[in-house]
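Residue numbers (the UniProt record's numbering): 1 to 355.
The structure appears below as structure tokens.
Structure (structure tokens):
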């Protein structure tokens, strides 16, 4: 093989090595959540990409086989050609044959190593990682074709590798793991906020949303001993004074110590002035919903939403009322403090902060 052919093979093998490196990192780094919508829409490249991501063990075996073969061929085909290009001029300059051969070998090895590591490994790897979703759409097709051609070899190598992993008590994976635990997602959110790719307000909202699922109705409710209540039969005057003193627009009404409903400020204020000193008797109590103390906060909120209730009694397994769950409190767990005078309820703000 002449020197020109050797250099040509060097370029071809570098491109081949770059392809396998890029394909390997693309299959490993691509986000399934970005590929699946395209596949569902009928994108053929995305369908092929998903197939490759679901057979990651085979795909990696193909890539590793390709990288190994290309690397060995570069050393055995391209290095001698570059070596010869240096030997001839060195000998022409009067350097001894042995010394010229040694110098040429070192220079050829340095050049081949530089080209292989830089353009055959690092460049394709960084490109593939930085645009993994696009890279996998482009490279998955050819990789699948090669996996079919090399199927007997790849399956054999993969079987041997899996048997060895079993000996080490490691479970082989055939698909890229694209799911994350809540702790991992929180770590991702923190990193994104730290590097400025996620606004601080959005990061807080996402963190609260993750913590939201750990709450229960009992952990979010306002307990009985901290409620501001009025007895059934209270007068309009007493109701107005309580609203003015607390700033709460909804007041829980009790009968015999039990919560029987609540009145909204607008219910009572609509009564004529003549009833100011008389017990409130001609308006109905607004009913409250009922949720179990162990109900997850999402389920409790969904139940309150379905019932159309802003307040719900939180009961234990015996049906006894432990406290009241306010829809505002549920929402504040998710979005933070809601500063709306008309949404304040039967408990002082300064006391609520101690919950």
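Heads up, the beta-carbon is just placed ideally off N, CA and C, and yes, glycines get one too.
Pair every Cβ in the region 230 to 248 with every Cβ in the region 286 to 300, then say whether three or more of these pairs are closer than 8 Å. Two segments are said to touch when three or more pairs of C-beta atoms, one from each, lie closer than 8 Å; by this definition the region 230 to 248 does not touch the region 286 to 300.
Nearest residue (CA-CA) to residue 305, options 322, 156, 280 and 331: Cα-wise, what sits closest to residue 305 is 331.
Would you call residue 17 buried or exposed, if buried means 16 or more other Cβ atoms sit within 10 Å of its Cβ? A residue is called buried when at least 16 other Cβ atoms come within 10 angstroms of its Cβ; residue 17 meets this threshold and is buried.
Can you list, in chain order, the stretches of the beta strand (DSSP E) that have 3 or more residues and sit fully within the region 310 to 334? Runs found: 311 to 315 and 321 to 326.
Looking only at DSSP bridge pairs, what is residue 258 linked to? BP columns for residue 258 point to 255.
Start and end of the beta strand (DSSP E) containing residue 170? Per DSSP, residue 170 lies in no beta strand (DSSP E) segment and is marked neither H nor E.
Could you tell me which whole beta strand (DSSP E) segments of length 3 or greater appear in the region 90 to 114? The region 90 to 114 is shown to contain no whole beta strand (DSSP E) run of 3 or more residues.
By DSSP, does residue 31 sit in helix, in strand, or in coil? In the structure shown, residue 31 adopts coil according to DSSP, grouped into three states.
What span of residues does the alpha helix (DSSP H) with residue 50 cover, start to end? First-last of the alpha helix (DSSP H) with residue 50: 44 to 53.
Contact set for residue 112: own chain, Cβ-Cβ below 8 Å, skip 5 residues either direction: Sequence-distant partners of residue 112 (beyond 5 residues in either direction) whose C-beta falls short of 8 Å from its own C-beta, in its chain, are 10, 74, 75, 78, 79 and 82.
How about residue 304: is its C-beta nearer than 8 Å to some C-beta of chain B? Here chain B cannot be found, since the structure has a single protein chain.
Identify the residues that DSSP records as bridge partners of residue 116: which are they? In the DSSP assignment, no residue is bridged to residue 116.
Beta-carbon contacts of residue 62 that lie in its chain and below 7 Å, excluding the five residues immediately before and after: Hits under 7 Å: 143, 146, 147, 150 and 154.
DSSP beta-bridge partners for residue 68? Answer by DSSP bridge pairing: none, since residue 68 is not bridged.
Residue 234 by DSSP, collapsed to three states: which one? Residue 234: coil per DSSP, three-state reduction.
Can you tell me which of the three DSSP states residue 37 falls into? Note: residue 37 maps to helix in three-state DSSP.
Taking 8 Å as the cut-off, decide whether the C-beta atoms of residue 230 and residue 238 are in contact. Yes; because the gap between Cβ atoms is below 8 Å, this pair is in contact.
Straight-line CA distance for residue 216 to residue 325? CA-CA distance, residue 216 to residue 325, rounds to 10 Å.
Do residue 46 and residue 35 have their beta-carbon atoms positioned less than 8 Å apart in this structure? Cβ atoms of residue 35 and residue 46: closer than 8 Å.
Among 29, 323, 19 and 84, whose alpha-carbon lies nearest the alpha-carbon of residue 3? Scanning 29, 323, 19 and 84 for the CA closest to the CA of residue 3 turns up 84.
Among 310, 320 and 317, whose alpha-carbon lies nearest the alpha-carbon of residue 328? Closest by alpha carbon: 310.
Are the CB atoms of residue 242 and residue 228 within a distance shorter than 8 Å? Yes. Within cutoff.
Here's the rule I'm using: 16 or more other beta-carbon atoms within 10 Å means buried, otherwise exposed. How should residue 27 be labelled? Buried: at least 16 other Cβ atoms inside 10 Å.
Since residue 290 is in the beta strand (DSSP E), which residue starts that stretch and which ends it? Here the beta strand (DSSP E) through residue 290 covers 289 to 292.
Pair within 8 Å by beta-carbon distance, residue 127 and residue 220: No.
If you draw a straight line from the C-alpha of residue 69 to the C-alpha of residue 42, how long is it? The alpha-carbon separation between residue 69 and residue 42 amounts to approximately 35 Å.
Secondary structure of residue 279, DSSP reduced to three states: Under the three-state reduction of DSSP output, residue 279 falls in the strand class.
Pick from 115, 224 and 100 that is closest to residue 315, judged by C-alpha positions: Of the candidates 115, 224 and 100, the one whose C-alpha sits nearest the C-alpha of residue 315 is 224.
Return the CA-CA distance between residue 140 and residue 52, expressed in angstroms with no decimal places. Going from the Cα of residue 140 to the Cα of residue 52 covers about 6 Å.
Is it true that the CB of residue 49 sits closer than 8 Å to the CB of residue 132? Cβ atoms of residue 132 and residue 49: not closer than 8 Å.
Verify whether the separation of the beta carbon atoms of residue 108 and residue 86 is less than 8 Å. Yes, Cβ-Cβ distance for residue 108 and residue 86 is below 8 Å.
Over the uninterrupted alpha helix (DSSP H) stretch that includes residue 136, give me the two end residues. If you look at residue 136, you'll find it in the alpha helix (DSSP H) that goes 132 to 149.
Distance, Cα to Cα, residue 125 vs residue 54? Going from the Cα of residue 125 to the Cα of residue 54 covers about 21 Å.
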